[in-house]
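Counting with our numbering, you get residues 20 to 79 for the letters of the sequence shown. The beta carbon of each residue, even a glycine, is placed where N, CA and C say it ideally should be. The model shown is predicted, which means the values in this text are computed figures rather than measured ones. Below is one structure; the comments refer to it alone.
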Amino acid sequence: MPELPEVESVRRSLTRARLRAPIEAVWRSREALRTGRAWRDERLALLRGAVPQRWERRGK
20 MPELPEVESV
30 RRSLTRARLR
40 APIEAVWRSR
50 EALRTGRAWR
60 DERLALLRGA
70 VPQRWERRGK
């Protein structure tokens, strides 16, 4: 099954609009979606203020 085209569209929009801009806020779902467990708040806090160098996406 191919990837959804809107996923790539969002990635491209993020690249144009926010690449190399500091992350101001981090939000997460309370659901443990990908890893089977939720991220702890301390780990999420490390992302605040970080500056992304590139945006990537992973397939299924």
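Collapsed DSSP secondary structure at residue i in the structure displayed
i, result
"S48", "coil"
"R76", "coil"
"R37", "helix"
"E43", "coil"
"V70", "coil"
Of the residues the options, the one placed nearest residue i, counting alpha carbons only
i, options, result
"E43", "R59, A64 and S32", "A64"
"E61", "W74, V45 and R76", "V45"
"R73", "R37, R67 and L66", "R37"
"P71", "A40, R59 and S48", "A40"
"R67", "R76, R47 and E75", "R47"
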